[in-house]
Amino acid sequence: MKEFIAIVENSRCHPNKCSHECMKYDPLNKSGKLVGFHLSEKTEKAEIAEELVTEMHKISSKKCPFGAIHIAKVPTELKEDPIHKFGSNAFRLYALPIAKQNTVVGIIGRNGIGKSTALQILANLFKPNLGKYQNPPANEEIIQRYSTTWLGGYFKKLFKNEIKLAYKPQRVEFLNNLYKGKTVKLVLAQYDQTKVSHIINELELETLLERQIQELSGGELQRLAIAATLLKKCEVAFFDEPSTFLDITFRIKVAKLIREYAKNKAVIIVEHDLATLDYVCDEIQVVYGLPACYGVFSQSKSVRRGINEYLDGFLPDENMRFRSYPIKFTEAQVDMGAKKYPLVTIPSLKKTLGTFSATTVDCTLHAGEVYTIMGANGLGKTTFLKMLIGEITEENTSFKLEKVSYKPQYLENNMEGTVEQYLRKHASSSWDSGWYKTNILEKLNIQGILHNEIKQLSGGELQKLHIAAALSKECQVLIMDEPSAYIDVEDRLHVAEVIREFVSKKEIAAIIVDHDIQFLDFLSDSMLVFEGKPGIQGAVFGPFTKLEGMNRVLKNLDITYRRDRESLRPRINKPGSQLDREQRAKGEYYYL
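For any residue, its number in the numbering used here is found by taking its place in the sequence shown, counting from 1, and adding 73.
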């Protein structure tokens, strides 16, 4: 196996916009012949023969102005070829997660490291090529390659269609095209009707049955996709990021349903919400490597150990340090001290939309503070944000925030142009500043995709683009609706850090709606809490301190949280456990 590999991200390689630096500085090309990096006749992108790659080619990768080239050192512990490779100088995946009967196996890792690829292989959505992308192997060769492992038997049954599978995709919004014109009731009609009523009740789909798929919100689409997966008769089920767009109430409900569902089948789940992953799983497998280059699945571990080792960046069993720094959580800040100066006062607001009504209390926003919003879906959180920006007119006042920057919940990806062109429109004079480059582009890891077409961005890249655009505008109040969606654990904390620094430096206020407890715990100074009856009536209370707000939300949800003794990350207590009982007795639903 080669010690060093070269990866070229074709979406980032723009030979018509550079001076071919990778070729000019390639040590193998000094003789005048393009024996090293050169342009492919097929793709017209940079490429190099894999057998020629050495550590010296890091020079070429560093010179690429778009960050399209990576020279990666593959762990020497990997004794075999990849299970799948997407092409010359392209991403490769080593090993797959292990599906186990009556077990929920959780997968945790960075975006772009092969998690969804692994699920798609196991779900028979495409066939692994064992690294032989030019001459893909026959089924028999794949089975023989893994004949001494559980994968051999799995592939044998898979290729003969002897395994019944269920698969919930990552991007549920694509279901709009798949089921266009159909109602929720019609989609669910194809499943066992003896079980449908139970799932409809648990996921609260009753009021959606006559709605067409394209009329559903992201959270409603997610619940429908989960329902369809749970109702399908299968032996192995895959859930790719099931908590996206779901509020904390439904995250817990879905976790309980999946655990109940796994009693007589194997379940594999990919998830970035650590609290949900911790709650639903029996085992964890960590995926490590280098995003866009290669991914490796670790051995199965206990849930607590697996998550903590991922946060630490070191896998003792594999003797593998895959991150140079640990991801750390801090003790809860329950007393934020004196408020900074008042910035703007929001009056009490009221809005009626059909049979739904929302009311708020008046509150004063202070400079340098982040106000987070929690509460179930359907209580008016997004309506409240749209009233603040004037998109929805409230009934009892003409109030509208001035100098506001808003990132919506649902993101457009059908815009023409590149990432750079889009951000330049929003950043105006700040684009050329060193501060913007360091604190926005670099910290959000956007520099490498500046020349990418927006239509080609992944869900996580698109989210970070819209976050960067919101941070680019001059504003007095920054408003973001679910900024953590589609973003992995590391980037979520980076986003939270960027928002906090931006709010502090600019002396503005921020209002953030999200459902990830870890994300809100890291980000929040004060909290607004929505309560009421979803779809009927919602009311906002607060602002509270983070301690008061979290206690109120979790008590309403009948959930207690604690901090992990090693990583300090928030964890959901098992119902009826000793800690759960102790915290309930004290009224401390939020960890101290």
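A virtual CB, placed ideally from N, CA and C, is assigned to each residue, including glycine.
In this structure, Ile522 lies near Leu538, with their beta-carbon atoms less than 9 Å apart. C-alpha of Lys106 to C-alpha of Thr317: approximately 50 Å in a straight line. Note on geometry: alpha-carbon atoms of Ala365 and Lys188 lie some 12 Å from one another. Annotation: the continuous alpha helix (DSSP H) that includes Arg573 extends over Val562 to Lys579. Linking Lys476 to Trp508 through their CA atoms gives a straight-line distance of about 21 Å. Val576 sits away from Phe592, with the two beta carbons spaced by 9 Å or more. Collapsing the DSSP output to three states places Tyr663 in coil. When rounded, the separation of the alpha-carbon atoms in Gln610 and Asn208 is 60 Å. A Cβ-Cβ separation of about 12 Å leaves Asp587 out of contact with Thr455 under the 8 Å criterion.
Annotated three-state conformation of Asp313 is strand, per DSSP.
Looking at the backbone, the Cα of Arg296 and that of Ser375 are separated by about 28 Å.
A direct Cα-to-Cα measurement between Gln520 and Asp346 gives close to 26 Å. Boundaries of the alpha helix (DSSP H) around Tyr334: Ile321 to Tyr334. Between the region 331-350 and the region 159-175, the count of C-beta pairs closer than 8 Å reaches three or more; the two stretches touch.
Annotation for Leu630: the continuous alpha helix (DSSP H) segment containing it runs Lys619 to Leu630.
In the structure shown, Thr256 adopts extended strand secondary structure according to DSSP, grouped into three states. Scanning its chain for C-beta atoms nearer than 7 Å, with the 5 sequence neighbours on each side dropped, one finds around Lys253 the residues Ile286 and Gln287, in chain order.
Excluding sequence positions up to five before and after Tyr264, its CB lies within less than 6 Å of the CB of Leu304, all in the same chain and listed in chain order. Per DSSP, reduced to three states, the secondary structure at Thr445 is strand.
Ranked by Cα distance from Met460, the first of Gly448, Leu474 and Gly451 is Leu474.
Counting only unbroken stretches of 4 or more residues, no alpha helix (DSSP H) element lies wholly within the region 413-437. In this model, Ser133 and Lys115 are separated by some 21 Å (Cα to Cα). Residue state for Ala300 is assigned as helix, using DSSP reduced to three classes. Taking a contact to require three or more Cβ pairs closer than 8 Å, the region 346-364 and the region 173-184 qualify as touching. Going by beta carbons, Pro648 and Asp594 fall outside the 9 Å limit. Beyond the five residues adjoining it in sequence on each side, Ile584 comes within less than 6 Å, by CB distance, of Tyr444 and Ile552 in the same chain, given in chain order. Within the region 208-293, the complete alpha helix (DSSP H) segments at least 4 residues long are 212-218, 223-232, 248-251, 257-261 and 266-275, listed from N- to C-terminus.
With respect to the 9 Å criterion, Ile156 and Pro201 are classified as neighbours on the basis of their beta carbons. Contact between Met623 and Tyr663 holds: CB atoms are separated by about 4 Å, below the 8 Å threshold. Cβ-Cβ distances below 6 Å link Phe228 to Ile215 and Ile216 in the same chain, with the five nearest sequence neighbours on each side left out; the list follows chain order. Residue nearest to Glu308 within the set Tyr334, Tyr219 and Leu422 is Tyr334 (criterion: CA-CA distance).
Shown here, Glu515 sits in a helix according to DSSP, grouped into three states. Where Ser531 is concerned, there is no enclosing alpha helix (DSSP H), because DSSP gives it neither an H nor an E.
Apart from the 5 residues on each side of it in sequence, Arg218 sits with its Cβ closer than 7 Å to the Cβ of Leu203 in its chain, given in chain order. Cβ neighbours of Glu94 within its own chain (closer than 8 Å, five residues either side excluded): Ser133, Lys136, Cys137 and Pro138.
Around the beta carbon of Leu426, fewer than 16 other beta carbons lie within 10 angstroms, which makes this residue exposed.
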